[in-house]
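One structure is given below, encoded as structure tokens.
Protein chains: 2
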Amino acid sequence: MSILLSAADVLRCFSSTRHDVTVTDLVTLLGMPKSNASRLLRAMRDAGLLESVGDSKRYRPSLLLHQAGYFYRFSVSLIDRADAVVARVGEQCGHTGYVSVRRGAEIVGVTVHPGRHALRVVTTIGDRIDASASSTGRALLARLPDAGVRALYPDGLTPPSDTAPATVDDLLARLAFIRSHGYAESNDEAVRGVRSISVAVGDPVTGAEVALCISFPDATVAAAERTGIIRLLGAGAAEIAALTGDRLFVPPNPPIAEIAS
Amino acid sequence: MSILLSAADVLRCFSSTRHDVTVTDLVTLLGMPKSNASRLLRAMRDAGLLESVGDSKRYRPSLLLHQAGYFYRFSVSLIDRADAVVARVGEQCGHTGYVSVRRGAEIVGVTVHPGRHALRVVTTIGDRIDASASSTGRALLARLPDAGVRALYPDGLTPPSDTAPATVDDLLARLAFIRSHGYAESNDEAVRGVRSISVAVGDPVTGAEVALCISFPDATVAAAERTGIIRLLGAGAAEIAALTGDRLFVPPNPPIAEIAS
DNA sequence: AACTACAGTTCCAGAAAATGGAACTTCTTG
DNA sequence: CAAGAAGTTCCATTTTCTGGAACTGTAGTT
Numbered sequence: 010m011s012i013l014l015s016a017a018d019v020l021r022c023f024s025s026t027r028h029d030v031t032v033t034d035l036v037t038l039l040g041m042p043k044s045n046a047s048r049l050l051r052a053m054r055d056a057g058l059l060e061s062v063g064d065s066k067r068y069r070p071s072l073l074l075h076q077a078g079y080f081y082r083f084s085v086s087l088i089d090r091a092d093a094v095v096a097r098v099g100e101q102c103g104h105t106g107y108v109s110v111r112r113g114a115e116i117v118g119v120t121v122h123p124g125r126h127a128l129r130v131v132t133t134i135g136d137r138i139d140a141s142a143s144s145t146g147r148a149l150l151a152r153l154p155d156a157g158v159r160a161l162y163p164d165g166l167t168p169p170s171d172t173a174p175a176t177v178d179d180l181l182a183r184l185a186f187i188r189s190h191g192y193a194e195s196n197d198e199a200v201r202g203v204r205s206i207s208v209a210v211g212d213p214v215t216g217a218e219v220a221l222c223i224s225f226p227d228a229t230v231a232a233a234e235r236t237g238i239i240r241l242l243g244a245g246a247a248e249i250a251a252l253t254g255d256r257l258f259v260p261p262n263p264p265i266a267e268i269a270s
Numbered sequence: 010m011s012i013l014l015s016a017a018d019v020l021r022c023f024s025s026t027r028h029d030v031t032v033t034d035l036v037t038l039l040g041m042p043k044s045n046a047s048r049l050l051r052a053m054r055d056a057g058l059l060e061s062v063g064d065s066k067r068y069r070p071s072l073l074l075h076q077a078g079y080f081y082r083f084s085v086s087l088i089d090r091a092d093a094v095v096a097r098v099g100e101q102c103g104h105t106g107y108v109s110v111r112r113g114a115e116i117v118g119v120t121v122h123p124g125r126h127a128l129r130v131v132t133t134i135g136d137r138i139d140a141s142a143s144s145t146g147r148a149l150l151a152r153l154p155d156a157g158v159r160a161l162y163p164d165g166l167t168p169p170s171d172t173a174p175a176t177v178d179d180l181l182a183r184l185a186f187i188r189s190h191g192y193a194e195s196n197d198e199a200v201r202g203v204r205s206i207s208v209a210v211g212d213p214v215t216g217a218e219v220a221l222c223i224s225f226p227d228a229t230v231a232a233a234e235r236t237g238i239i240r241l242l243g244a245g246a247a248e249i250a251a252l253t254g255d256r257l258f259v260p261p262n263p264p265i266a267e268i269a270s
């Protein structure tokens, strides 16, 4: 097994709650002998993939990774365009905007634009969460046919909160709403009191798909503003869809019947 | 030589003008045998460090790298980066450099690098001083909208010296200058005969904001050197702003009209 | 100061992976 | 369809990687 596999595993250890790692972290997280962990971290640092934190025994990602990862956005130009839209919409309404992508049954945040409001939504870029249990995830899942969604959940759902769909049928019902209305919504799911509105868009040429999301404390936002957010986000996504020729895109229509999706 | 070295070299091939690489790119850029280049790219993709672009023979950085690199900015705090810049600039010009943060209407020094010159500026790390009455403070206040500044001073100003702004309107006029020129300046304010130049920079993701400041006895520094300090400080801050994606940052332009702000 | 517990490093031989040259397969383009 | 370029696979040799154990270093405790 190549050392590259191990190196990638090390990178996977970083998360929003773990910004640096130690030899012991690797031993517990990856179950590798500590002799390996010790040498691997040193080798990765010597190669320039990691940096030592101060003069401690801690290691963090290096500037090189930051730069290389940065170009991911440009290569996947869809992300760049989506990022520009959520940045603009987030700026206009003062709330937090995200761009996320789906990997299998999981969702990964790619970019964030924190809002200006005091009640700012905390963010988890890079963490993987279940696609079924968030508006961004469902917005992206809605682009799959029902059979494709079922295939992603061979063992059914394990809902992390009681407002998330509990069964695959439950999930499919929500996806049907999203397909007809063009936007996905969540409330009280990942974070208590937080409402999110998401719209998905893709590029049929590259196969890439992203979700645009605006998150805000439910209590502070009236129905009219919420409708406005859906309109803004939808308009931005529509521009992207027109540009890429995305046929799966559904122009969001404003909420007439108030059904949480 | 470890394959990690080669992998890191591959990552170094990415740039703003090269968002993906091919086997031949590696052969020409790194001078490696193309058998190696072919296997290396595939191994890196299999490990999850790179992704294939569509179904072409092109490779780009992966989502994993994007995530890992993203945590770099959390691990390397804004203060550390700012400190590195003022240390470097202070070393180059021999004057004292500070990093400060704002807490409400007050400024707190966080790190200092005393200068080499005989007339050394004495420092006050940890002391809280009024933000309106120093270049660092005004550099940071200038990042707020006028309404936000007014909200910080509901009872108006109590100027500690006669060169500091006397009223809120006076302060806002100075902030306007800072926003357009990208740097703040003070003279004779906290300490008689001392001039300070400050530049502020922030990280929109973490919400942190810091001011970089160089302080020196006014009498010993000619106009040309002063311009040079602004340039150096501005260049260092610009690097940080580029890294964090700070949209509020204004690249300092050299003083044409000599107006103290 | 000695003891203990824990974190990290170094050593070793066997096992596994990387290397570079050449032959081979696609893919482009005239 | 032929020629050239780009990419892949094969091979024996060389080098690196692995995992267990012994070793070093660093607190915290008595």
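Heads up: the sequence lines are chains A and B, in that order.
With our numbering, the residue at position 116 of the first sequence is 125, and numbering never jumps.
With our numbering, the residue at position 156 of the second sequence is 165, and numbering never jumps.
Backbone N, C-alpha and C define an ideal beta-carbon position, used for all residues, glycine too.
As the structure is a prediction and not an experimental result, all values here were calculated from the model.
### Task
Identify which residue in A/P42, A/A142, A/T33 and A/V19 has its Cα closest to the Cα of A/M53.
The residue with the shortest Cα to Cα distance from A/M53 is A/V19.
### Query
Cα separation between B/T236 and B/A151?
Each residue's alpha carbon lies about 21 Å from the other.
### Message
Determine, for B/S71, whether the minimum Cβ-Cβ distance to residues of chain A falls below 8 Å.
### Response
Yes, contact with chain A.
### Message
Quick check: is the beta carbon of A/I12 nearer than 8 Å to any beta carbon in chain B?
### Response
Interface criterion met: the Cβ of A/I12 is under 8 Å from a Cβ in chain B.
### Query
In chain order, what residues of the region 48-60 of chain A put their CB closer than 7 Å to some CB of chain B?
So the close ones are A52, M53, A56, G57 and L58.
### Query
Does the beta-carbon distance from B/R188 to B/V110 come in below 8 Å?
No, the Cβ-Cβ distance between B/R188 and B/V110 is not below 8 Å.
### Residue ranges of each alpha helix (DSSP H) within the region 145-192 of chain B, 4 or longer
Unbroken alpha helix (DSSP H) stretches of 4 residues or longer found wholly inside the region 145-192 of chain B: 155-161 and 177-190, given in chain order.
#### Entry: Per-residue DSSP class, three states only, for A/E198
It is coil, neither helix nor strand.
#### Entry: Classification of A/P261 by the beta-carbon crowding that lies within 10 angstroms, buried from 16 upward
With 16 or more Cβ atoms within 10 Å of its Cβ, A/P261 is classed as buried.
### Query
Are the Cβ atoms of A/P174 and A/L166 separated by less than 8 Å?
In this structure, A/P174 lies near A/L166, with their beta-carbon atoms less than 8 Å apart.
### Query
Near A/T145, what residues of its chain come up, given a Cβ to Cβ distance below 6 Å and the 5 sequence neighbours on each side ignored?
Taken in chain order, the residues that qualify are S109, I116, S207, A220 and C222.
### Message
Whether or not the region 60-71 of chain B and the region 185-205 of chain B are in contact is what I'm after, with contact meaning three or more pairs of Cβ atoms, one per stretch, closer than 8 Å; do they touch?
### Response
These segments do not touch.
### Query
Under the rule that 16 or more other beta-carbon atoms within 10 Å means buried, what is A/A250, buried or exposed?
Classification for A/A250: buried.
### Element boundaries [alpha helix (DSSP H), containing B/T33]
For B/T33, the uninterrupted alpha helix (DSSP H) run begins and ends at V32 to L39, by DSSP.
### Message
When you compare the CB positions of A/A56 and B/L14, do they come within less than 8 Å of one another, or not?
### Response
Yes; because the gap between Cβ atoms is below 8 Å, this pair is in contact.
### Query
Hey, which unbroken runs of the beta strand (DSSP E) at 3 residues or more fall wholly within the region 201-257 of chain B?
Counting only runs of 3 or more, we get 203-211 and 218-226.
#### Entry: Spatial distance of B/D286 from A/F23 (CA atoms)
This structure leaves residue 286 of chain B out entirely; chain B is present only between 10 and 270.
#### Entry: Collapsed DSSP secondary structure at B/V110 in the structure displayed
It is a strand residue.
### Task
Mind listing the chain A neighbours of B/R21? Cutoff is C-beta to C-beta under 9 Å, in chain order.
Ordered by position in chain A, the residues that pass the 9 Å Cβ test against B/R21 are G57, L73, Q76 and A77.
### Interface flag, A/L257 vs chain B, CB-CB below 8 Å
For A/L257, no Cβ of chain B is located within less than 8 Å of the residue's own Cβ.
### Task
Taking only the alpha-carbon atoms, compute the straight-line gap between B/E267 and B/A232 and give it to the nearest angstrom.
For B/E267, the predicted model reports a pLDDT of 48, less than 50, meaning its position is unreliable and no value from the coordinates is stated.
### Query
Measuring CB to CB, does B/H28 end up less than 8 Å from A/S84?
For B/H28 and A/S84, yes; Cβs fall inside 8 Å.
#### Entry: Delimiting residues of the beta strand (DSSP E) encompassing B/G118
That run of the beta strand (DSSP E) goes E115 to H122.
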